[in-house]
Structure formats: structure tokens, C-alpha cells
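Asker: Position 126 of the sequence shown, counted from 1, bears residue number 126 in full-length UniProt numbering, the numbering being contiguous throughout. One structure follows; several queries about it will come next.
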Amino acid sequence: METTNKIALITGGSRGLGKNAALKLAAKGNDVIITYRSKKEEAEAVVKEIEALGLKAGALQLDTGKVNTFANFKQQLIKLLKEKWERSTFDFLVNNAGIDAASPFAQTTEEDFDNLFNVHFKGVYFLTQTLLDVIADGGRIINLSTGLTRFATPGYAAYASMKGAIEVFTKYLAKELGSRGIAANLVAPGIIETDFTKRAFDSHPGMHDFISSITALGRPGQPDDIGGVIAFLCSEDGRWINAQRIEASGGMFL
């Protein structure tokens, strides 16, 4: 294919929603770079799956909770872009990487709070800042939020608060980067059945039925329900959507 393909960078793209978004973006003809924290083999498998479509792909290691590593990551990214694409920029940043640490508000530890803060807010804020001059004018930034910023489910006070901060941050990105033609939006999934939520589903046997009962479309979400939304927001058809929170939850708690 021509090297005029758009390039997406997806954090946490080796599994779950990130992997699905990578494959959906590739299916629409975009080249993809994914980051992984520790599962290098999983990341390389995703790269091969994308390359099998006749597209270019790459994987880089990154812990999005460690801001002091971002400058070095940027240099690795610039090197990869030059070697594989002969470009100095990429087009779409998808801030997807995440961790879970559910606990009732009264039992939340400072360590869990800090870990959630570092990955879900501080890391997103400063990684985006670090990569600003590597994102092409006319590009897109997609941040991941959660249905838990609209409705409250006990156990997610800290996690949802970080995502609430990301929702405000995204509006500021849209306002401040609009002069460069960069649109910034949020995708807010409801409960999705992935390895991210497996522990919650396994420890609460009735959870599947409960989620189905409070969702208008009658089932929990699947990764395949989300990746296409992200791909749409990065497409030409999604070019006029900006500073918006797109909830993809099947209609939870309506």
C-alpha cells in the first residue's frame, strides 16, 4: 500500500479494547503503532495480524504511569516513524492504556489512588503533551473514559474521578489544539467483557445477568462494540465531531 496511509498510535494496544481498536483502524486502511507495558509477545501478535492485512505496524514498550520515561519513548517513536514510514509525525493518538483497582471509597489506599492517577490522568496528560509536536496537524486525539462518570457504581470512586478529570481535559485539548485542526474526543464504554473486567465478572456470579437487565440492548458490551467507534472518530466521516463524550454502553442505566 502507499505510504500515504494515516498512522494511529494506541497505548495499551496488545489486548482488550486497545487491540480491537487497532484492528478496526487497520481494517479501515490505517497503519498502526501499539504500545505494551509487559506483554511483548501479545503485542507482536497484533502487529503480525495487522501486517497480514497488507498494512504497516509496530510495537513499542511503554508504561504510561511513568512520566519520566516519556522523553525516551518519544525518541523511540520518532526513530520508528522515520525507519518504517519515512515520516516525522503520526495522525491519531488513542490514549487507551488503563489499570483497574476497585475498592469502596472508605477502603481506597493511597497507593491504589496514586497508581490510578498516574495511569489514567497524569500519564494521559503528559504523554499527550510530550507527543504534541509529533502529532500531525489535522490529526485526532481519542481519550478513553467510562460510563462510570455518568452513573455511580460503588467501588469506583477513584477510577471514575480520574476519568472525570480526563473528560474536562479533553475539552481543553479541543479548544487549545483546534488552531492546528486537531480534534479531541472521548469514548466512554459501559461494562465490557474483557480481561480488564474478568475479575469482577468472576467474583460476582450474577453480574452478567444484572448488567444485561440494566442495559437497554440487553447484554454486557464486547470489545468489538468499541473499536469501531474509535475508528469512526478517526475517519473522515468523523472529522466534524470535536470535544464530545461518546458513550458506547448499549444504554446502561437509562
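Using N, Cα and C, we set each Cβ at its ideal position, and we do this for glycine too.
1. Is the region 3-12 touching the region 83-102 in the sense that three or more CB pairs, one from each, lie closer than 8 Å?
2. For the beta strand (DSSP E) that contains residue 91, what are its first and last residues?
3. Taking 6 Å as the limit between beta carbons, can you name the residues of its chain near residue 37, skipping five residues before and five after?
4. For residue 199, does the three-state DSSP call read helix, strand or coil?
5. Relative to the C-alpha of residue 227, which candidate in 203, 48, 183, 21 has its C-alpha closest?
6. Just the C-alpha distance for residue 191 and residue 147, rounded to the nearest angstrom, thanks.
7. Just curious, the beta strand (DSSP E) that residue 31 is in, first and last residue?
8. Kindly identify the DSSP beta-bridge partner or partners of residue 247.
9. Do you know whose CA, among 126, 83, 110, lies nearest residue 259's CA?
10. What is the C-beta distance between residue 98 and residue 144, in whole angstroms, given that I count them as a contact (C-beta under 8 Å)?
11. In chain order, which continuous runs of the alpha helix (DSSP H) of length 4 or greater are located wholly inside the region 95-143?
12. Just to confirm, are residue 200 and residue 254 a CB contact at a threshold of 8 Å?
13. Find the nearest neighbour of residue 13 within the set 29, 28, 49, judged by alpha-carbon distance.
14. With DSSP run on the structure shown, which of helix, strand or coil describes residue 215?
15. Check whether the Cβ atoms of residue 241 and residue 187 sit closer than 8 Å, and answer yes or no.
16. Kindly list the residues whose CB is nearer than 8 Å to the CB of residue 82, restricted to its own chain and excluding five residues on each side of it in sequence; keep chain order.
Answerer: Quick answer:
1. Two segments are said to touch when three or more pairs of C-beta atoms, one from each, lie closer than 8 Å; by this definition the region 83-102 touches the region 3-12.
2. As a first step, residue 91 is located in the sequence shown; it is residue number 91 there, counting from the start. Segment 90-95, the beta strand (DSSP E) holding residue 91.
3. Start at 1 with the first residue of the sequence shown, and residue 37 comes out as number 37. Here the set comprises 63.
4. Within the sequence shown, residue 199 is the residue found at index 199, counting from 1. Residue 199: helix per DSSP, three-state reduction.
5. By one-based count along the sequence shown, residue 227 stands at place 227. Taking only the C-alpha atoms, the option nearest residue 227 is 21.
6. Position 191 of the sequence shown, counting from 1, holds the residue named residue 191. Position 147 of the sequence shown, counting from 1, holds the residue named residue 147. Distance from the CA atom of residue 191 to the CA atom of residue 147, rounded to whole angstroms, is 8 Å.
7. Residue mapping note: residue 31 aligns to position 31 of the sequence shown, counting from 1. Counting along the chain, the beta strand (DSSP E) containing residue 31 begins and ends at 31-36.
8. Numbered from its first residue, the sequence shown carries residue 247 at position 247. Its beta-bridge partners are 188.
9. No answer is possible for residue 259: it lies beyond the span of the chain, which begins at 1 and ends at 254.
10. Counted from its first residue, the sequence shown places residue 98 at position 98. Counted from its first residue, the sequence shown places residue 144 at position 144. For residue 98 against residue 144, the beta-carbon gap comes to about 7 Å, under 8 Å, which counts as contact.
11. For the alpha helix (DSSP H) assignment, the uninterrupted runs of no fewer than 4 residues enclosed by the region 95-143 are, from N- to C-terminal side, 110-117, 123-130.
12. Within the sequence shown, the letter at position 200 stands for residue 200. Within the sequence shown, the letter at position 254 stands for residue 254. With respect to the 8 Å criterion, residue 200 and residue 254 are not classified as neighbours on the basis of their beta carbons.
13. Counting from one through the sequence shown, the residue named residue 13 turns up at place 13. Ranking 29, 28, 49 by Cα distance to residue 13 puts 49 first.
14. The sequence position of residue 215 within the sequence shown is 215, counting from 1. Residue state for residue 215 is assigned as strand, using DSSP reduced to three classes.
15. On the sequence shown, residue 241 is found 241 positions in, with the first residue counted as 1. On the sequence shown, residue 187 is found 187 positions in, with the first residue counted as 1. One thing to note: residue 241 has its Cβ no nearer than 8 Å to the Cβ of residue 187.
16. Here the question's residue 82 lines up with position 82 in the sequence shown. Here the set comprises 88.
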